[in-house]
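The numbers in the sequence shown follow full-length UniProt numbering, run straight up by one, and end at 268. Glycine is no exception: its CB is placed at the ideal position from the N, C-alpha and C atoms. Shown next, in structure tokens, is the structure this report addresses.
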Amino acid sequence: MRILILGASGFVGSALHAHFAANHEVVGTSRGGHGLAPVDLADTGAVRALVERGFDVVVHTAGVVDLGAAQRDPATAYAANVAPMVPLLDAIDEVGAKLVYLSTDNVFDGTAEHYDESATRAPINVYGETKVAAEDLVLERDRHLIVRLPLVYGRSPLSNKFLARFAASEIEARTDIVCNPLYLPSLAPALEQLTDKSGVVHIVGAETLSRYELMTRVRDHLGAPARVVATDRFSAVQDCPRPLRLVMRSNRHDVVGPDVDSALADLP
Ligand SMILES: NC(=O)c1ccc[n+]([C@@H]2O[C@H](COP(=O)([O-])OP(=O)(O)OC[C@H]3O[C@@H](n4cnc5c(N)ncnc54)[C@H](OP(=O)(O)O)[C@@H]3O)[C@@H](O)[C@H]2O)c1
């Protein structure tokens with residue numbers, strides 16, 4: 001298969017790039033560096049020219065992912081996360097490729113016990129709003145796949161953004177935010193099982209736990225000296241409204257990532 005990965009320098013994108021490159025012809029993009037195809041999503045002509053090289057699947061992982069940054073600068077978040085979608089979808093549809101669009105549990109407000117794919121979206125932050133807007137554009141075309149992810153953790157080939165936190169002397173982590181975090185290496189095999197689907201799928205890990213518990217268990221596994229400091233909505237610095245309970249499930253498949261102990265046993 002010929003696969004295009006938009007955002008192949010990122011935390012998720014570089015892991016997908018490494019996995020798929022073992023068995024497929026893969027082109028990855030970044031805005032510069034890492035020997036990847038240099039493409040800014042704002043350059044619609046460049047995006048079209050790249051897509052027209054011909055791909056079976058386009059995996060879209062690129063954009064503004066930092067919740068605080070999106071909240072501080074909504075215009076930039078919309079410009080990166082929403083504005084490129086229609087030209088991208090037009091180019092993808094013209095060559096008959098399939099889009100796999102990575103979305104987030106932040107499309108939900110965090111007030112329900114759990115969310116399946118048919119649950120009502122009600123984002124409470126700018127990041128979630130941009131992802132809902134992008135999802136709507138994808139859903140207007142019926143062939144494509146939206147994959148909603150929870151917090152993703154693990155080691156990534158080109159982005160150290162998760163593990164780098166353990167190099168600090170202190171890590172603040174919320175006790176009141178819970179989800180089913182997904183171990184990064186389990187994502188690509190899950191996508192391989194689900195790319196024939198269209199519409200929306202949720203892919204999550206097997207265990208529900210708080211950010212504090214996850215960070216403590218990873219810290220203990222790594223033997224890192226970092227102190228994990230428990231915070232909650234009253235004590236944490238508020239850079240962005242954050243949904244508290246983001247427990248996703250699937251009513252469309254039974255593919256699930258490992259529980260945290262199994263993931264940590266695999267984490268070098
Ligand atoms: N990480 C998580 O826990 C998590 C959870 C739920 C959902 N997701 C979703 O998964 C996807 C990937 O997230 P991530 O954590 O891997 O993000 P990331 O590490 O921040 O990577 C983002 C990627 O987007 C690229 N990018 C940013 N702006 C761009 C632009 N204007 N044009 C072209 N490329 C641009 C970056 O490339 P350069 O900077 O090299 O240009 C980078 O490769 C996102 O759709 C996110 O919503 C992630």
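Notebook entry, point to check: Nearest to G154 by alpha carbon, out of P258, L6, L4?
Noted result: Walking along the sequence shown from the start, residue 154 turns up at place 154. The option with the nearest alpha carbon to G154 is P258.
Notebook entry, point to check: In this structure, does DSSP put E207 in helix, strand or coil?
Noted result: By one-based count along the sequence shown, residue 207 stands at place 207. DSSP places E207 in coil when its eight states are reduced to three.
Note to self: From the DSSP secondary-structure annotation, give me the bridge partner or partners of L145.
What the structure shows: The residue you call residue 145 lines up with position 145 of the sequence shown. Beta-bridge pairing links L145 to V100, G199.
Notebook entry, point to check: Using the C-alpha atoms, what's the distance from I177 back to L244?
Noted result: One-based indexing of the sequence shown puts residue 244 at position 244. One-based indexing of the sequence shown puts residue 177 at position 177. The alpha-carbon atoms of L244 and I177 are separated by roughly 4 angstroms.
Item checked: Enclosing beta strand (DSSP E) for G28 [first to last residue] -> By one-based count along the sequence shown, residue 28 stands at place 28. Unbroken beta strand (DSSP E) run through G28: 25-30.
Notebook entry, point to check: Excluding five sequence neighbours on each side, which residues of the same chain lie with their C-beta closer than 8 angstroms to the C-beta of R227?
Noted result: Position 227 of the sequence shown, counting from 1, holds the residue named residue 227. Hits under 8 angstroms: S169, E170, I171.
Margin query: In whole angstroms, give me the CA-to-CA distance for V218 and G45.
Written below: Along the sequence shown, one-based indexing puts residue 218 at 218. Along the sequence shown, one-based indexing puts residue 45 at 45. Using only the alpha carbons, I get a separation of about 43 angstroms.
Check: Is there a Cβ from chain B that is less than 8 angstroms from the Cβ of V47?
Finding: Absence of chain B from the displayed structure is noted, only one protein chain being present.
Next item on the list: Please name the residue or residues paired with A75 in a DSSP beta bridge.
Entry: If you number the sequence shown from 1, residue 75 lands on position 75. Looking at the DSSP assignment, A75 forms no beta bridge with any residue, so it has no partner.
Note to self: Does M1 pass the burial test, meaning 16 or more other C-beta atoms within 10 Å, or should it be called exposed?
What the structure shows: On the sequence shown, position 1 is the one that residue 1 refers to. When all chains shown are included, M1 counts as exposed.
Check: Based on Cα-Cα distance, which residue from G7, V147, T216, G33 lies nearest to A62?
Finding: Taking the sequence shown and counting its residues from 1, one reaches residue 62 at position 62. Checked all of G7, V147, T216, G33; the closest Cα to A62 is G7.
Margin query: So, with DSSP's three-state summary, where would you put E213?
Written below: Position 213 of the sequence shown, counted from the first residue, corresponds to residue 213. Here E213 sits in helix by DSSP.
Note to self: Under 8 angstroms, with one C-beta from each stretch per pair, do the stretch 197-206 and the stretch 246-266 reach the 3-pair mark?
What the structure shows: yes
Notebook entry, point to check: Taking DSSP as the reference, what is the three-state secondary structure of E52?
Noted result: Locating residue 52 in the sequence shown gives position 52, where the first residue counts as 1. Looking at E52 - three-state DSSP - the assignment turns out to be coil, as it is neither helix nor strand.
Next item on the list: Tell me, please, which residues DSSP counts as bridged to A173.
Entry: The residue labelled residue 173 in the question sits at position 173 within the sequence shown. Paired residue(s): A230.
Notebook entry, point to check: Is the beta carbon of A49 less than 8 angstroms from the beta carbon of V82?
Noted result: Taking the sequence shown and counting its residues from 1, the one referred to as residue 49 is at position 49. Taking the sequence shown and counting its residues from 1, the one referred to as residue 82 is at position 82. The answer is no: Cβ separation not under 8 angstroms.
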